[in-house]
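K.L.:
Residue numbers (our numbering), protein chains in the order written: chain A, 335 to 1004; chain B, 21 to 236; chain C, 189 to 488.
Shown below is the structure under consideration.
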Amino acid sequence: MPGKQTNGEIRIGFYVCHCGHNIGQTVDVKAVAAYAEKLPHVVVAREYKYMCSDPGQELIGEDVRASKLNRIIVASCSPLLHEHTFRTAVEKAGLNPFFFQMVNIRENVSWVHTDTAAATQKANDLVRAAVHRVAHHVPLEKKHVAIDPAVLVVGGGIAGIHAALTLANAGKKVTLVEREATIGGHMAKFDKTFPTLDCAACILTPKMSQVKNHPNITLWTYSEVASVEGFVGNYTVRVRRKPRYINEELCVGCMECIEKCVYKEGKTSDEFNVGLSKRKPVYIPFPQATPQVVLIDPEVCIEFKSGKCKKTCVEACDRDAIDFKQKETVEEIRVGTIILATGFKTFDARRVPVYGYGKYPNVYTSLEVERLVNASGPTGGELILRDGRRPKTVGIIHCVGSRDKNTNRWCSRTCCMYSLKLAHLLKEHTDAEVYNFYIDIRAAGKTYEEFYDKLLEENIHFIRGRVAEVTDWAVRPSEEGRLVIRAEDTMIGIVRRVPVDMVVLAVGMEPQTDAGDVRRLFNISCSTEGFFLERHPKLAPVDTFTDGIFIAGACQGPKDIPDSVAQAGAAAAQALALIDRGEIELEPNTAYVEAELCSGCKTCLGLCPYHAITRNEELKKAEINEALCKGCGTCVAGCPSGAIHQHLFEDDMIFSELSGLLEPQPADCC
Amino acid sequence: MSLPTPPAVQSDDGASIESMKQVVRRIKFESELDLEFGERVAAKAYGQKLLSCIQCGTCSATCPLSHYMDYTPRKIIAMTREGFREEVLNSLTIWLCSSCYACQVQCPRQIHITDVMYALKREAISLGFYPRRLPIPVLAREFFKRVLKDGRNTESWLLISLYLRTNPFRMLKEAMLGLRLFVRGRLTVGRERVRRRDQLRAILTPERPKNGGLVK
Amino acid sequence: MTYLYYPGCSLRSTGRAYEESLLTVFRALEIPLKELDDWNCCGATSYVSIDETDAFALAARNLALAEAQSSDGSVQLIAPCSACYLVLSKTERYLEDYPDVNAKINAALDRAGLRYHGKVDVRHPLDVLVNDFGLEKIAKRIKHPLTGLEVACYYGCQTVRPFATYDHPQYPETMDKIVKVLGAEPIDWPLKTRCCGGSLTGTIQEAGLRLNRALLKEAKGRDADLVATCCPLCQHNLECYQPRINRMYDEDIDIPVAYFTQLMGIALGCDERELGMHRLMKKPSLKHIMHPKGASANAW
Chain A
335 MPGKQTNGEI
345 RIGFYVCHCG
355 HNIGQTVDVK
365 AVAAYAEKLP
375 HVVVAREYKY
385 MCSDPGQELI
395 GEDVRASKLN
405 RIIVASCSPL
415 LHEHTFRTAV
425 EKAGLNPFFF
435 QMVNIRENVS
445 WVHTDTAAAT
455 QKANDLVRAA
465 VHRVAHHVPL
475 EKKHVAIDPA
485 VLVVGGGIAG
495 IHAALTLANA
505 GKKVTLVERE
515 ATIGGHMAKF
525 DKTFPTLDCA
535 ACILTPKMSQ
545 VKNHPNITLW
555 TYSEVASVEG
565 FVGNYTVRVR
575 RKPRYINEEL
585 CVGCMECIEK
595 CVYKEGKTSD
605 EFNVGLSKRK
615 PVYIPFPQAT
625 PQVVLIDPEV
635 CIEFKSGKCK
645 KTCVEACDRD
655 AIDFKQKETV
665 EEIRVGTIIL
675 ATGFKTFDAR
685 RVPVYGYGKY
695 PNVYTSLEVE
705 RLVNASGPTG
715 GELILRDGRR
725 PKTVGIIHCV
735 GSRDKNTNRW
745 CSRTCCMYSL
755 KLAHLLKEHT
765 DAEVYNFYID
775 IRAAGKTYEE
785 FYDKLLEENI
795 HFIRGRVAEV
805 TDWAVRPSEE
815 GRLVIRAEDT
825 MIGIVRRVPV
835 DMVVLAVGME
845 PQTDAGDVRR
855 LFNISCSTEG
865 FFLERHPKLA
875 PVDTFTDGIF
885 IAGACQGPKD
895 IPDSVAQAGA
905 AAAQALALID
915 RGEIELEPNT
925 AYVEAELCSG
935 CKTCLGLCPY
945 HAITRNEELK
955 KAEINEALCK
965 GCGTCVAGCP
975 SGAIHQHLFE
985 DDMIFSELSG
995 LLEPQPADCC
Chain B
21 MSLPTPPAVQ
31 SDDGASIESM
41 KQVVRRIKFE
51 SELDLEFGER
61 VAAKAYGQKL
71 LSCIQCGTCS
81 ATCPLSHYMD
91 YTPRKIIAMT
101 REGFREEVLN
111 SLTIWLCSSC
121 YACQVQCPRQ
131 IHITDVMYAL
141 KREAISLGFY
151 PRRLPIPVLA
161 REFFKRVLKD
171 GRNTESWLLI
181 SLYLRTNPFR
191 MLKEAMLGLR
201 LFVRGRLTVG
211 RERVRRRDQL
221 RAILTPERPK
231 NGGLVK
Chain C
189 MTYLYYPGCS
199 LRSTGRAYEE
209 SLLTVFRALE
219 IPLKELDDWN
229 CCGATSYVSI
239 DETDAFALAA
249 RNLALAEAQS
259 SDGSVQLIAP
269 CSACYLVLSK
279 TERYLEDYPD
289 VNAKINAALD
299 RAGLRYHGKV
309 DVRHPLDVLV
319 NDFGLEKIAK
329 RIKHPLTGLE
339 VACYYGCQTV
349 RPFATYDHPQ
359 YPETMDKIVK
369 VLGAEPIDWP
379 LKTRCCGGSL
389 TGTIQEAGLR
399 LNRALLKEAK
409 GRDADLVATC
419 CPLCQHNLEC
429 YQPRINRMYD
439 EDIDIPVAYF
449 TQLMGIALGC
459 DERELGMHRL
469 MKKPSLKHIM
479 HPKGASANAW
């Protein structure tokens, strides 16, 4: 343990902050300063409007020099906010930054109490505890760890693609892991993009091929992260690479094998076309799939089911790329930072049975309609309904699985705009009457409102009312054989029945089904709705609570393409900032083992949530990896021999803080 | 109670414009509103959810009876929230609600709409606001008195008292149906009664006057 | 386990056939049923329009009596009438969910020397028959399958909304499942739970009749031979006003409306009179059930 850097005498400087009205309104700050002045070892006690401001910080420096202070206490806000600020100020004043203690009288006192006398007394008690504690503080040294410059990007949608390219273009080595057989994500399925109506494929596929061809990017599709170990700057990641039964190195994507497959017609629901078409057991997700490599679905391939297929695909492949014996492999990589861009899933419209999805064939989800109007979609871009008709009237129902406490409470942010886009495309393709049923139109992006204007001028119907039901119950001859949408036209104040040929459900965005597993894998947090939680909703929107792991795109919350791309860029920049710094400082509040006392019982190994403790089998003692230790204190409390201690939380510090808090006070004191 | 409608629109110089008599002046001054009404009703209808209404209209569109209502259920919620107390309590809407709960199970804000309607009905009855000739509140009242007396409700007696108090001619119209029910044993003459009526009376609000505290 | 049975006022009057058929069917299935002694009116939808506390207290007396009259840990109280089922389960739920309601109501009960501890499960016969007794066991006892009979199962509103947990509030299937086990064919129709207007047929008749007209027309339009109900008021409305609907709207509706328990009873081979078949306006004559759309009459 480092020796005490004092000249024997403890000289405490105490500062209490008004935080404008935040503290000053409830706590009698002057009284707190006056109280502190009388406490043992306190040499200086001051109150100041904003301690975190430059003049506030300089106050500390001046006093340290003038009054030879060697301990500093600031009573203000939460340490989460300004502990770093004040430690830096203490360090600038020439003291070891850990000769500092912070007392939170805002979150813990002024914000949660209303009675000034009681609040002031509580503040005094907390200050007294700190005065007792800080006397036992010892100087500590910060640790430094090097950052591995390699980056892992998880998820190959537009966010992951953009983050990977940004990093790769900055000269960093990137591994992009994608679960599906191709990158592109949801965006690859879209037809046009709002509000500019440029073709999604036209702007996405060039980026996809850049990823494939970039010398700094290793692209692993059809792969999933299996485990993550380590800490910021030094992660070891194992990636499970599922067998495609095709040698990726040999296949050139000529698709001869698909052509020659013993199945003349596809019989399996095509995932890329969201079930609107059929594919064969050997297939490629879509013509521009990246990598341009086919794969075999062992669930339906005859060779896998019976072993008795004629294997016409093998005959057809002149590069011998088909390999029925391919096995899953697990690869291990080392990276310093990780960007999660695992995306979203669309709301399952069956959860709102009143809209008839799955019951009435002409009820579609918005994603299905994207494929239906797409020139490379199942109908070649012709709008033919499941029953073979072409729609003359279309109803688009907004907020399906959004803004609804019975399903998902949140606004999915994208549905208004994509509904407008689909309304435009449907009108363009079919010249149908198009009705939008909405609660509120949220067109808050750049040039989005203008797009809404354009739609209004195209004479698209906008009925402000949430749809109660889609039914085949006809009460008028004009409704026979059609689907009737019932909603209140709230602008007019009357219930309307609108018969249509096609219903489009604008389904909302949800966390991926396995977002919880991914969260645990990477040791990050989720918000209540299941999206990944950012470190701060305003000031750290792409950071997580785990250092070195960043989030981008719709895995953090519903987002459109521009926002996803912007976030991906931000996440890449955060990773770059860490990489270019080369190393990071670690908090020294870590646990350490007093070897003479350790009995090697291994109790602590199972307790540590960060796998930071190992047992040195030679010495039969526990050893703590300081880089992995987060200073949670679990092992300290759990050690049966009392052999584990923690910097900044030594027993004498904690006990004196407690005795300070519990010290009997003379009646006249407060 | 209803919106103030002056006899005619006045021109700038104060002269009445005869030809525009059909024009109705409609404006609401903040001073005419009961600004605590919304919160008061919300408290009576289980939680403050009423206040979270986003005016989506699902309730109106789900309601099998909204096309008979003077204000759709959505409007009733908006008006309640904003303090249009007299219009709300005078409306037919609250009486047309048949408690089918269709709106409630679909409301995206999980507002207890049926409970809101009940709370408004109670408020209207206790303040004597309801439309006098409307049979629905009369039915509620007769039902109430019947049960208060016997602990059970005998349907034949209930219907007779309802028709007597609203539209005696209706009884003639229903006589045929009544007879058909009677011969099938579906209308009884004897009154169904609870044995421990003392117990029942002890449970119900003690100081209630005989007519159930209703405005006649 | 013995089920306690809460008939409610309607089952003693317009809905007598429901009570008769229900008791007969439960007897046939050997499900023990004991009537709640000295039950009182649930308050229906009317009482709560006058005084909410009294309305809850009125309903809660039945819950307290049920608890006192049963030795079971959780008391199973069957309420066949939709309004009773709703009011009793709502009271049960609100007593549990809102401590202030609970305090007020137990104070009221206390004045009569009663107390409710929250042990009652309010159950609908549909729920009990399908989820407790089981469709397989019903199937085993079918003597006269109603082969070919197309049935529009009509649940009405309050059996499934909003406090029932045994089925979907808009698209319930419990009755359809029973009807299927009886050998009949439940039709798929979208108005299963659309309100019949309840007491509106007695107050604002125009509105009430239109609702019933829509239901009957749709059932007929989808080729139903019969409408099956599980509520005395729905049955009354749908059955009794057909002539008036035909007169007022120039319709031609003539479709029997029976309780699902009556259909069960027939399939189980119970006595017609014990099922209250004679109380129906439009008796789904046994012939009708035996010969639906040319099906053979071998069942009887």
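For glycine and all other residues, C-beta sits at the position ideal for the given N, C-alpha and C.
Are Gly-864 (chain A) and Ala-849 (chain A) close, meaning C-beta to C-beta below 8 Å?
P.N.:
Yes, Cβ-Cβ distance for Gly-864 (chain A) and Ala-849 (chain A) is below 8 Å.
K.L.:
Given this structure, state the Cα-to-Cα distance separating Leu-323 (chain C) from Tyr-359 (chain C), to the nearest angstrom.
P.N.:
For Leu-323 (chain C) and Tyr-359 (chain C), the distance between alpha carbons rounds to 19 Å.
K.L.:
Pick helix, strand or coil for Pro-17 (chain B), following the three-state DSSP scheme.
P.N.:
The structure shown does not extend to residue 17 (chain B), since chain B is modelled only from 21 to 236, so the question has no answer here.
K.L.:
Restricting to Cα atoms, I'd like to know which of B:Leu-55, B:Phe-164 and B:Gly-77 is closest to Ile-238 (chain C).
P.N.:
If we check each option's Cα against that of Ile-238 (chain C), B:Phe-164 comes out closest.
K.L.:
Helix, strand or coil for His-471 (chain A), going by three-state DSSP, please let me know.
P.N.:
Three-state DSSP puts His-471 (chain A) in coil, outside helix and strand.
K.L.:
Taking Cβ positions, are Leu-379 (chain C) and Glu-361 (chain C) nearer each other than 8 Å?
P.N.:
Contact: no.
K.L.:
Return no unless some Cβ of chain C is closer than 8 Å to the Cβ of Glu-212 (chain B).
P.N.:
At least one chain C Cβ lies under 8 Å of Glu-212 (chain B).
K.L.:
Taking CB distances under 8 Å as the criterion, tell me whether Ala-849 (chain A) reaches chain B.
P.N.:
No, its Cβ sits nowhere closer than 8 Å to a Cβ of chain B.
K.L.:
Given that Ala-402 (chain C) touches chain A, what residues does it touch there, using C-beta distances under 9 Å?
P.N.:
In chain order: Trp-807 and Val-809.
K.L.:
In whole angstroms, what separates the C-alpha of Lys-278 (chain C) from that of Gly-336 (chain C)?
P.N.:
Those two C-alpha atoms are separated by around 38 Å.
K.L.:
Considering only the beta carbon of each residue, do Thr-937 (chain A) and Ile-958 (chain A) sit closer than 8 Å?
P.N.:
Not closer than 8 Å, so no.
K.L.:
For Gly-205 (chain B), which of C:Met-469, C:Tyr-354 and C:Tyr-343 has the nearest alpha-carbon?
P.N.:
The shortest Cα separation from Gly-205 (chain B) among C:Met-469, C:Tyr-354 and C:Tyr-343 belongs to C:Met-469.
K.L.:
Look at the alpha carbon of Lys-193 (chain B) and the alpha carbon of Val-809 (chain A), and state the distance between them as a whole number of angstroms.
P.N.:
Using only the alpha carbons, I get a separation of about 29 Å.
K.L.:
Since Arg-747 (chain A) and Pro-875 (chain A) should fall inside the 8 Å C-beta cutoff, what is the C-beta to C-beta distance between them, to a whole number of angstroms?
P.N.:
Wrong, their Cβ atoms sit about 15 Å apart, outside the cutoff.
K.L.:
For the candidate residues A:His-466, A:Glu-593, A:Ser-611 and A:Gly-711, whose alpha-carbon lies nearest to that of Leu-992 (chain A)?
P.N.:
Selected option, being the one with the closest Cα: A:His-466.
K.L.:
Since Glu-117 (chain B) and Met-137 (chain B) should fall inside the 8 Å C-beta cutoff, what is the C-beta to C-beta distance between them, to a whole number of angstroms?
P.N.:
According to the sequence as given, residue 117 (chain B) is Cys; it is not Glu. About 4 Å separates the two Cβ atoms, so the contact holds.
K.L.:
Would you verify that the beta carbon of Gln-358 (chain C) is, or is not, closer than 8 Å to some beta carbon of chain A?
P.N.:
By this cut-off, Gln-358 (chain C) is an interface position.
K.L.:
Report the neighbours of Glu-175 (chain B) on chain D: residues whose CB is nearer than 8 Å to its CB, in chain order.
P.N.:
Chain labels in this structure do not include chain D; the protein chains are A, B and C.
K.L.:
Should Asp-309 (chain C) and Ser-262 (chain C) be called a contact, given that it needs their Cβ atoms to be closer than 8 Å?
P.N.:
Going by C-beta atoms, Asp-309 (chain C) is nearer than 8 Å to Ser-262 (chain C).
K.L.:
Return helix, strand or coil for Arg-820 (chain A), following the three-state DSSP convention.
P.N.:
Residue state, collapsed to three classes: strand.
K.L.:
DSSP has Pro-529 (chain A) in a bridge; who is on the other side?
P.N.:
None, per the DSSP bridge assignment.
K.L.:
Which runs of the beta strand (DSSP E), 3 residues or longer, sit entirely within the region 375-439 of chain C?
P.N.:
Those beta strand (DSSP E) runs which fall completely within the region 375-439 of chain C and span 3+ residues are 414-417.
K.L.:
Below 8 Å CB to CB, which residues in the same chain sit around Leu-297 (chain C) once its five sequence neighbours on both sides are set aside?
P.N.:
Only Ala-245, Ala-248, Arg-249, Ala-252, Arg-303 and Tyr-304 meet the Cβ criterion.
K.L.:
Check Asp-309 (chain C) in the structure and name its three-state DSSP category.
P.N.:
Reduced to three states, the DSSP call for Asp-309 (chain C) is strand.
K.L.:
For the region 61-85 of chain B, enumerate the residues whose C-beta is nearer than 7 Å to any C-beta of chain A, in chain order.
P.N.:
The region 61-85 of chain B vs chain A, Cβ under 7 Å: Ile-74, Gln-75, Cys-76, Gly-77, Thr-78, Ser-80, Ala-81 and Thr-82.
K.L.:
Can you find a C-beta in chain A that's less than 8 Å from the C-beta of Pro-128 (chain B)?
P.N.:
Taking Cβ atoms only, chain A reaches closer than 8 Å to Pro-128 (chain B), which makes this a yes.
K.L.:
Measure the C-alpha to C-alpha separation of Gly-994 (chain A) and Lys-456 (chain A) and round it to an integer number of angstroms.
P.N.:
Taking the straight line from one Cα to the other gives about 13 Å.
K.L.:
Mind listing, in chain order, the continuous alpha helix (DSSP H) runs of no fewer than 4 residues lying wholly within the region 825-883 of chain A?
P.N.:
Counting whole runs of 4 or more residues, the region 825-883 of chain A contains the alpha helix (DSSP H) stretches 849-856.
K.L.:
Is any beta-carbon of chain B found at less than 8 Å from that of Glu-381 (chain A)?
P.N.:
No - not a single Cβ of chain B is within 8 Å of the one on Glu-381 (chain A).
K.L.:
Going by DSSP, name the residue or residues bridged to Ala-480 (chain A).
P.N.:
In the DSSP output, where bridge partners are listed per residue, Ala-480 (chain A) has A:Glu-917.
K.L.:
To the nearest angstrom, report how far apart Thr-182 (chain B) and Ser-176 (chain B) are at their CA atoms.
P.N.:
The residue you asked about is not Thr; residue 182 (chain B) is Leu in the sequence shown. Near 10 Å, if we compare the C-alpha coordinates of Ser-176 (chain B) and Leu-182 (chain B).
K.L.:
Strictly below 9 Å CB to CB, what residues from chain A border Glu-361 (chain C)?
P.N.:
What Glu-361 (chain C) touches in chain A: nothing, since even the nearest Cβ is about 11 Å away.
K.L.:
Going by the beta-carbon positions, is the gap between Cys-341 (chain C) and Pro-374 (chain C) smaller than 8 Å?
P.N.:
In this structure, Pro-374 (chain C) lies closer than 8 Å to Cys-341 (chain C) by Cβ.
K.L.:
Can you pull the chain C neighbours of Gln-219 (chain B), defined as C-beta to C-beta under 8 Å?
P.N.:
Within 8 Å Cβ-Cβ: Arg-249, Ala-300, Gly-301 and Leu-302.
K.L.:
For the region 817-828 of chain A, which residues have a beta carbon sitting closer than 7 Å to at least one beta carbon of chain B?
P.N.:
Cβ contacts with chain B: Arg-820, Ala-821, Glu-822, Thr-824 and Gly-827.
K.L.:
Does the distance from the CB of Arg-204 (chain C) to the CB of Ile-266 (chain C) come in under 8 Å?
P.N.:
No, Cβ-Cβ distance for Arg-204 (chain C) and Ile-266 (chain C) is not below 8 Å.
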